[in-house]
Amino acid sequence: MPEPLPELRPLLDSWELSLRAVNKSPTTITSYKRGVRLFIEWCERTEHRAELTRPLVQTYIAELIEEGKEANTVRLRLAALRAFARWLVEEAELSDDPLVGIKQPKIPTKVVEALTDDQLRDLIAACKGKGLRDRRDEAIVRLMAETGIRSNELIALAVSDLDLQRGLVTIRRGKGAKGRIAPFGPQTAAALDRYLRMRRSHKLADTDALWVGVGGKSFAYFGLNDTLRDRATRAGIGGFHLHLLRHTFATRWLRSNGSEGGLMAVAGWSSRSMVDRYTGASASERAAVEARGLGLGDL
Numbered sequence: 007m008p009e010p011l012p013e014l015r016p017l018l019d020s021w022e023l024s025l026r027a028v029n030k031s032p033t034t035i036t037s038y039k040r041g042v043r044l045f046i047e048w049c050e051r052t053e054h055r056a057e058l059t060r061p062l063v064q065t066y067i068a069e070l071i072e073e074g075k076e077a078n079t080v081r082l083r084l085a086a087l088r089a090f091a092r093w094l095v096e097e098a099e100l101s102d103d104p105l106v107g108i109k110q111p112k113i114p115t116k117v118v119e120a121l122t123d124d125q126l127r128d129l130i131a132a133c134k135g136k137g138l139r140d141r142r143d144e145a146i147v148r149l150m151a152e153t154g155i156r157s158n159e160l161i162a163l164a165v166s167d168l169d170l171q172r173g174l175v176t177i178r179r180g181k182g183a184k185g186r187i188a189p190f191g192p193q194t195a196a197a198l199d200r201y202l203r204m205r206r207s208h209k210l211a212d213t214d215a216l217w218v219g220v221g222g223k224s225f226a227y228f229g230l231n232d233t234l235r236d237r238a239t240r241a242g243i244g245g246f247h248l249h250l251l252r253h254t255f256a257t258r259w260l261r262s263n264g265s266e267g268g269l270m271a272v273a274g275w276s277s278r279s280m281v282d283r284y285t286g287a288s289a290s291e292r293a294a295v296e297a298r299g300l301g302l303g304d305l
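Going by our numbering, the first residue of the sequence shown is number 7, and it counts up by one from there.
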């Protein structure tokens, strides 16, 4: 008689403890737990018993694709279930991993157009002002656009992570718990300096967190999302999302003839495929510029 499969929901908190114990980042833990929780909710909604079996997971993934979920969403959901399955085996909650060998489905990746230089200038201009929020938002936009720093990495920065004189920001805990140093230029340094001088009079001036909110409050992801969306609306930029600044950084780097190796180092990528993923929309444009410079038709 086959062994009964464990109930999944009661095990989520134990799994979270184990993820913390192996020093997974808060972002990874949140993403993993959300991925498994959404699977459990789908099981309940479709009147399936919430258990980890290969056929059930394949059905779930197929439905995500039919619903039109983006490739990255499907990838993250499956990655969460795979990680959970491995942990269940390690903890002897399952005798075998049912998801070993299950393949990522091939889904067309959505092409993301980077901001143009004019749009980026308009976004910066929409942050202009003499208030704390204005100076903070301009510094944030400039830093994100010039270094490609991820939103969660930006929020985690401490004041001591900035070296304005040398134009360097230290990202101590990037994706995969990997740190790196990213450079920025004089305009970004000046914007950061203006913000830091105003920050001195804030209620949280003595705390480590680099970014502070208005009215003496702290500043976190949702505050970042709301304030930059508002700035984008003022700049007349439709469909703005935080990750768009990372796409813009990568595209502008390659348009300026920066090397792919340098881009990977500054962006914190270990896989060459990430370059294509973030700059695919501008690849034809760059190829056309390169082709004109080669003069292959000059016979």
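Even for Gly, the Cβ is constructed at its ideal location relative to N, Cα and C.
Suppose you measure from the CA of residue i to the CA of residue j; what does that come to, to the nearest Å?
{"i": "Leu105", "j": "Gln64", "result": "9 Å"}
{"i": "Arg83", "j": "Thr233", "result": "28 Å"}
{"i": "Val279", "j": "Lys112", "result": "Here the sequence assigns Ser to residue 279, which means Val is not the residue at that position. Their backbone Cα atoms lie some 15 Å apart in a straight line."}
{"i": "Ser277", "j": "Lys184", "result": "14 Å"}
{"i": "Thr34", "j": "Thr254", "result": "24 Å"}
{"i": "Lys136", "j": "Asp167", "result": "24 Å"}
{"i": "Met7", "j": "Leu100", "result": "With a pLDDT of 38 at Met7, under the threshold of 50, the predicted position of this residue should be treated as unreliable, and no value is reported."}
{"i": "Arg205", "j": "Asp212", "result": "10 Å"}
{"i": "Thr257", "j": "Leu129", "result": "17 Å"}
{"i": "Ala145", "j": "His249", "result": "17 Å"}
{"i": "Arg178", "j": "His54", "result": "43 Å"}
{"i": "Gly229", "j": "Ile67", "result": "32 Å"}
{"i": "Thr176", "j": "Asn263", "result": "24 Å"}
Kindly give me the distance between the Cβ atoms of residue i and residue j, rounded to whole angstroms, as I take these residues to be in contact under 8 Å.
{"i": "Arg252", "j": "Arg156", "result": "7 Å"}
{"i": "Val147", "j": "Leu87", "result": "36 Å between Cβ atoms; not a contact."}
{"i": "Leu198", "j": "Leu170", "result": "6 Å"}
{"i": "Lys39", "j": "Leu62", "result": "Not really, about 19 Å apart at Cβ, beyond 8 Å."}
If you follow the beta strand (DSSP E) that residue i is in, where does it begin and where does it stop?
{"i": "Ala188", "result": "186-189"}
{"i": "Val95", "result": "Here Val95 belongs to no beta strand (DSSP E); instead the alpha helix (DSSP H) covers 77-96."}
{"i": "Val175", "result": "174-177"}
First and last residue of the alpha helix (DSSP H) that includes residue i?
{"i": "Asp6", "result": "Lying outside 7 to 305, the shown extent of the chain, residue 6 is not represented and no answer is given."}
{"i": "Gln110", "result": "Where Gln110 is concerned, there is no enclosing alpha helix (DSSP H), given that its DSSP letter is neither H nor E."}
{"i": "Ile67", "result": "60-72"}
{"i": "Thr33", "result": "32-51"}
{"i": "Ala196", "result": "192-205"}
{"i": "Phe255", "result": "250-261"}
Report yes if the CB atom of residue i is closer than 7 Å to the CB atom of residue j, and no otherwise.
{"i": "Asp103", "j": "Ala89", "result": "no"}
{"i": "Arg142", "j": "Tyr201", "result": "yes"}
{"i": "Phe190", "j": "Glu152", "result": "yes"}
{"i": "Ile46", "j": "Gln125", "result": "no"}
{"i": "Gly154", "j": "Ala273", "result": "yes"}
inquiry  = At 3 residues or longer, what runs of the beta strand (DSSP E) sit wholly inside the stretch 120-180?
reply    = 174-177
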